[in-house]
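These notes are about the structure you will find just below.
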Amino acid sequence: MTLLLYGIADCPVGPVDGVGLDGRPLRGVGDERLTAIVSDYAQAQSEQTENTMWDYERVIELMMERGTVLPARFPSVLSNEATALSMLRERRGEFESALERIRGAVELSVRGTWRAGEEITPATSPATGTEYMLDRLRLHQRAREAGRRLDSLDALARASRMRVLPNPEVPVAGTYLVDRERVEKFADLLGEVAEALDQVDLVCTGPWPPFSFVDGAPV
Amino acid sequence: VSSTVYSSARIEPARTQRVTLIDLLDRLLAGGVVVHGHIRLAVADIDLVDLDLAVLVAATDKAAGR
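Structure below.
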């Protein structure tokens, strides 16, 4: 049977309490420095639902209560324990740097939506290509302005990434790596920023395992 | 447990819940340590059409090595 990888913890391998997907017990595979947290996994028999996604995320949150964990993309399936050990050996430097980067931090997501009444498309269809392009330009300008108002959040984050207008419905989508003890302060500041916006409403979700900050690559 | 940290008062609770689900899927399917290229996007009870397609398409491209 194959293994489902939940994450990589910076601790010596040892017993792991808890239950993973499909009621399979969690266990650790690793060495004196790193542990891959896994459970047996029959991929072909496992239906993925919204609840599966939440269960997977909660396993990682549980692991984070015990130490620093690099979350794995879902579903990361390993052939067997030998494959897991070889992965830890070959990528040890990469994993240890990433663990150091996220130690003590969580991820927060900030997503904007256009406020009701702030229509994202003009009331009438543009008559020409030029009008269409000008409409798009104005939309980008409004989204960029909202993005600039979020800049003050960077002061409370170790790292952040912002996407402006990832799609027409979403003017801004940011993700922030924040020290766990600063989450409340971040939420308070976000509330102040949100109150000052006149076209965009904000939702902040988390704290998430730092999925977006494990490899240093842009989102 | 991850949930809503802040939501503008003008946003309906149902929409806030939807955003939380989108954020969950964005992270699980497009973030995290990658140990191999397989990404399965079919999630049985979720309509993926409404999700952040830019992220999902990027995840698929990355998995396919494009």
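If you're matching them up, the sequences are chains G and U in order.
The first sequence lines up with residues 43 to 261 when you count with the working numbering.
The second sequence lines up with residues 5 to 70 when you count with the working numbering.
C-beta atoms are modelled at their ideal positions from N, C-alpha and C, and glycine is treated no differently.
Asked: L232 of chain G: contacting residues in chain U (beta-carbon distance under 8 Å); Found: V9, Y10
Asked: S194 of chain G, buried or exposed, once every other Cβ within 10 Å from all chains shown has been counted against 16; Found: exposed
Asked: Outcome for I27 of chain U when other beta-carbon atoms lying within 10 angstroms are tallied against a minimum of 16; Found: The sequence as given places Asp at residue 27 of chain U; Ile does not occur at that position. So D27 of chain U counts as buried.
Asked: Test: H42 of chain U CB closer than 8 Å to a CB of chain G; Found: Residue placement at H42 of chain U cannot be trusted, given a pLDDT of 43 that sits under 50; what the coordinates show is reported in the next sentence. At least one chain G Cβ lies under 8 Å of H42 of chain U.
Asked: Nearest to I79 of chain G (by Cα), restricted to the options G:L179, G:G60, G:S118, G:L47; Found: G:L47
Asked: Span of the alpha helix (DSSP H) around S128 of chain G; Found: 123-132
Asked: Reduced DSSP category for A238 of chain G - H, G, I as helix; E, B as strand; rest coil; Found: helix
Asked: Which of helix, strand or coil DSSP assigns to R145 of chain G; Found: coil
Asked: The ligand GTP heavy atom lying under 7 Å from the CB of A169 of chain G; Found: As for the ligand GTP, it is missing from this structure, which has no ligand bound.
Asked: Cβ-Cβ distance between V37 of chain U and R115 of chain G below 8 Å; Found: yes
Asked: Cross-chain neighbours of W96 of chain G in chain U, by beta carbon under 8 Å; Found: L28
Asked: Start-to-end residues for the alpha helix (DSSP H) that takes in P113 of chain G; Found: Taken as a continuous stretch (DSSP letters only), P113 of chain G belongs to no alpha helix (DSSP H), being part of the beta strand (DSSP E) at 111-120.
Asked: Integer-rounded CB distance, given that Y218 of chain G should sit under 8 Å from L150 of chain G; Found: 5 Å
Asked: Whole-number beta carbon distance between G70 of chain G and V58 of chain G, since they are thought to touch under 8 Å; Found: 5 Å
Asked: CA nearest to the CA of E142 of chain G, picked from G:N122, G:R200, G:E92; Found: G:R200
Asked: V59 of chain U, buried or exposed, once every other Cβ within 10 Å from all chains shown has been counted against 16; Found: Here the model assigns V59 of chain U a pLDDT of 48, short of 50, so the residue's position is not dependable, and the following value carries that caveat. V59 of chain U is buried by the Cβ-count criterion.
Asked: Cross-chain neighbours of A188 of chain G in chain U, by beta carbon under 9 Å; Found: By Cβ distance, chain U contributes nothing, its closest Cβ being about 12 Å from A188 of chain G, past 9 Å.
Asked: Burial state of S139 of chain G, where buried means 16 or more other Cβ atoms lie within 10 Å; Found: exposed
Asked: Chain U within 8 Å of T44 of chain G, Cβ atoms only; Found: no
Asked: Three or more C-beta pairs below 8 Å linking the segment 11-22 of chain U and the segment 93-109 of chain G; Found: no
Asked: Collapsed DSSP secondary structure at A188 of chain G in the structure displayed; Found: helix
Asked: Through-space distance from V256 of chain G to D64 of chain G, alpha-carbon basis; Found: 26 Å
Asked: DSSP state of D65 of chain U mapped onto helix, strand, coil; Found: Confidence at D65 of chain U is low in this model, with a pLDDT of 49, below 50, so its placement is unreliable and no value can be given for it.
Asked: Counted within 10 angstroms of its Cβ, other Cβ atoms place M129 of chain G as buried (16 or more) or exposed; Found: buried
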